[in-house]
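These protein sequence lines are chains A and B, in that order.
Numbering follows our numbering, with no gaps: position 85 of the first sequence is 85.
Numbering follows our numbering, with no gaps: position 223 of the second sequence is 1223.
Have a look at the structure below, then the notes.
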Amino acid sequence: MGLDRRGFMKTLGVAGTTLALGKTAFAAGKGKESIEFYGILYDSTRCVGCQTCENSCAEKHGLPAPTEVPEAGVIRKTDESRRTVVNLFKTTKGEVYVKNQCMHCNEPACAAACLTQAMYKTKEGPVIWRGNKCMGCRYCMVSCPFDVPKFEFHSANPKITKCDMCYDRILEGKKPACAENCPAEAITFGTRRELIQEARKRIAAQPDVYSDLIYGEREAGGTGEVYVAQVPPVELGFKTNLQNESYPALSKGFLYAVPSVFVLLPVLLLGIHETTKTNKNHQNEGDENE
Amino acid sequence: MKTSNFEYPIAKDNDGKTIWKFLISEFKPKGKIFTPFNIISVPVILLGIVLIVIRFWKGIGSITNLTQEVPWGLWIGFDVVTGVAFAGGAYVLTFIVYILNNQKYHSIVRITVLNGFLAYVFYAGALLLDLGRPWNVINPIIGNSFGTSSVLFLVAWHFLLYMLAQLIEFSPAVAEWLGAKRARKILSGMTIAAVIFGITLSTLHQSGLGALYLMAKDKIHPLWYSEFIPILFLVSSIFAGLSMVIFEGSISHKVFFNQISEKHNKEQDGIVRGLSRICAGAMFAYFALQVLIFIHQKRWDLLGTPMGYWYLLEMIGFVLIPMLMFVSGYRRKSINMIKTAAILTMVGVILNRLNVTVIGFKWDEAIRYVPSWMEVVVTLTVIFTEIWIFRWVVRRMPVLRDAPIWAKNQDK
């Protein structure tokens, strides 16, 4: 999965995408050039539930085309054979469609959980899965607050499957398949910063149409997929109890304590061992006296 | 050259047999074949092997009830997380005997370390059954794929290193069995280093097993989730391990009575009483921590729910009550009460680990995960196989019985 950085930069230049210079809050790593994370803005007010995104996703990833249609009261979930689903919700403002897929968190729990870096936050933003590294422990599934990674339980050579934001297409300078093909322009691809601005603009322009919350702006430390809709997220099946701090931060304290324990505890143990040696001698003498 | 290498150590201590003849004779069964344990365990192990073959052939879902929402079930929650807690006796006892230099417990160190070592080999080994892509298991060990931000990375490394440390701690017994005098001298010289390393590793991975679940904040029932899971897991591994030592000791003393010298047999009650006092102390600390966390998180309103009653049962029935029984058993010198307390404590530890990993995990999901009978059989297969190996070793090596005289002379 080696990434040809130079080639990538060229493509970006051709595509005319803005390259952010210097370090931004969302910059991925300490590479020579920093680029902003890409993301997707999904607008429920525009979505008509045609499932073109589902079909183009299935086609792109060689998965079976969807057979069910979105239905109010039925929650379809992503699984091994579908990486994105559109659900229909009856809300206070009528029927609203919502597309679900991987949220591509800024600081993904799955990638922090992965002990082989198989689950990996690319510097372009998509969180991808790399089969040559994965050992199938499923800790990513345990950790993901959105329950996104799925596992092929019925395969002898199982894969972890989830949306990868069409990472290969992004490297070629193209949009993800769903964003490319959405006829209603409900799915917008761009840098996360632009998308948040766009979302704010839409809300500000039509405050009576939109609910004023951008889901994904802060949830779980911010996600690459951000949502605007007519109604608050709670009516659309979103998890609303998530913390705004990133999930990897939860185990940071423990991990930071490890080096200190590793250095200090052996010294302490050795010290106790040395100072209690006399105990042993006393006891041995006692034994002999018996 | 060749003959001297092979024959020298064995010839002296094992009736002049060569090492190969000696090893072959050691592989023959000792003891009765048709014991109740064998009659139960052999069919279970055979069935388990068939199930394991199916699992690798058709996938994990073919024999487990795991779902996309509950990806870790009995094999992780019980075999690994609970099994490792029970193996904690080894680090606690090596701390008492080698670090505090308290010789009272010296006679049970070997069997505890053996028990701990085998528990790690088998229960951590059970992880391999649960890995979807086990051929990549070496990636975090050798490869260029160090996921250093992962708690599981730490736990995996620690399992591996701790197994090595325990092997070194136990190796003098193997050397005594083989009559390898020089090897024994070198190996027993490494004991203190291995013990210090092993205790450090244990501290970190016993707590690390709890830290694994820190990121599953919204998935675990709030009565069992707190940022202190790592500390709770560490403290409870102390009395989990020691209860296992008491429990295992009471069985070993019946099954292997002919291995145990009269002196050690006499010491046993004093050892059990001493352990019960340590257990009670650790449980008091644990209970106090749990109460603090409970009050601090203001979880009173959750107590009136079914999960709340379940929580109270665990805390009172299987922590507070056995703790008081340990104290009273120690005071009244009632070994039976201590043994009962040890069993209750073990049930409590199983409950606690399963509550975090399985029962309280996605407790609000409409369809709950319940392990399939096949998962249970595979778990039993792992446990029974471990007991077979354990028995094999105890009957052959100086684990419970006294070390040979030459070995004792080396230590002087």
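Where is the CB? At the ideal position from N, CA and C, for every residue including glycine.
query, result
"Residues of the segment 1088-1104 of chain B in Cβ contact with chain A at a cutoff of 9 Å, in chain order, please.", "F1095, Y1098, I1099, L1100, N1101, N1102, Q1103, K1104"
"When DSSP labels each residue in this structure, what does N152(A) get in the three-state scheme?", "Here residue 152(A) is Glu; the residue named in the question, Asn, does not match the sequence. DSSP places E152(A) in coil when its eight states are reduced to three."
"Across the segment 1094-1110 of chain B and the segment 77-86 of chain A, are there enough close Cβ pairs to call them in contact, namely three or more that are closer than 8 Å?", "no"
"Taking the CB atoms as reference points, tell me whether L195(A) and G94(A) lie closer together than 8 Å.", "no"
"Looking at the C-beta of P1172(B), does it have a partner C-beta in chain A at a distance below 8 Å?", "no"
"W129(A) lies in the beta strand (DSSP E); which residues open and close that run?", "127-129"
"Could you tell me which chain A residues have their CB closer than 7 Å to the CB of E1069(B), listed as they occur along the chain?", "D147"
"In three-state terms, what does DSSP make of V85(A)?", "strand"
"DSSP three-state call for G1132(B): helix, strand or coil?", "coil"
"Helix, strand or coil for E172(A)? Go by DSSP, reduced to three states.", "coil"
"Starting from V263(A), follow the alpha helix (DSSP H) in both directions and report where the run begins and ends.", "249-275"
"Thinking C-alpha only, which one of P145(A), I160(A), L270(A) is nearest F238(A)?", "P145(A)"
"In chain B, what lies closer than 8 Å to P133(A) by C-beta?", "Going by the sequence as given, residue 133(A) is Lys instead of Pro. Ordered by position in chain B, the residues that pass the 8 Å Cβ test against K133(A) are N1136, N1139, G1143, S1145."
"Taking 8 Å as the CB-CB limit, is V228(A) close to chain B?", "no"
"What residues in its chain sit with their C-beta under 7 Å from that of Y42(A), if we drop five residues either side in the sequence?", "K99, A186, I187, E225, Y227"
"Identify each residue in the segment 1039-1073 of chain B for which the Cβ-Cβ distance to at least one residue of chain A is less than 7 Å, and report them in chain order.", "F1056, W1057, K1058, G1059, I1060, G1061, S1062, L1066, Q1068, E1069, P1071, W1072"
"Exposed or buried, G1088(B), counting other C-beta atoms within 10 Å across all chains shown (16 or more means buried)?", "buried"
"Looking at the structure shown, is K1362(B) part of a helix, part of a strand, or coil, going by DSSP?", "coil"
"Residues in the same chain with beta-carbon distance under 6 Å from E219(A), minus the five sequence neighbours each way, listed in chain order, please.", "L242"
"Please classify L213(A): does DSSP put it in a helix, a strand, or coil?", "coil"
"I want to see whether chain A comes within less than 8 Å of F1132(B), judged by CB atoms only; does it?", "The identity of residue 1132(B) in the sequence shown is Gly, whereas the question assumes Phe. With 8 Å as the cut-off, G1132(B) counts as an interface residue toward chain A."
"At a Cβ threshold of 8 Å, is A28(A) touching chain B?", "For A28(A), the pLDDT reaches just 45, beneath the cut-off of 50, and the residue's location in the model is therefore unreliable, although a value from the coordinates is still provided. Closer than 8 Å: no."
"Expressed to the nearest angstrom, what Euclidean distance is found between the alpha-carbon atoms of G1198(B) and E245(A)?", "35 Å"
"Kindly list the residues whose CB is nearer than 7 Å to the CB of E1026(B), restricted to its own chain and excluding five residues on each side of it in sequence; keep chain order.", "R1396"
"By a C-beta neighbour count over all protein chains shown, 10 Å radius and 16 as the cutoff for buried, is K123(A) buried or exposed?", "buried"
"Any C-beta of chain B within less than 8 Å: which residues of the segment 241-258 of chain A qualify?", "N241, L242, Q243, Y247, P248, L250, S251, G253, F254, L255, V258"
"With DSSP as the reference, identify every bridge partner of L41(A), one or two as the case may be.", "T188(A), V226(A)"
"By DSSP, does T1148(B) sit in helix, in strand, or in coil?", "coil"
"For Q117(A) and chain B, any beta-carbon pair shorter than 8 Å?", "yes"
"Following the continuous beta strand (DSSP E) through K99(A), name the residue where it begins and the one where it ends.", "94-100"
"Cα separation between P1036(B) and P1043(B)?", "12 Å"
"DSSP has Y120(A) in a bridge; who is on the other side?", "I128(A)"
"Check distances from the C-beta atoms of the segment 1229-1257 of chain B to those of chain A and list, in chain order, the residues that come in under 8 Å.", "P1230"
"Mind the definition here: the segment 133-151 of chain A touches the segment 54-62 of chain A only if three or more C-beta pairs lie below 8 Å; say whether that holds.", "no"
"Can you pull the chain C residues whose beta carbon is under 9 Å from the beta carbon of H104(A), in chain order?", "Considering every chain present, this structure includes no chain C. Its protein chains are A and B."
"Spell out whether any CB of chain A is found under 8 Å from the CB atom of L1154(B).", "yes"
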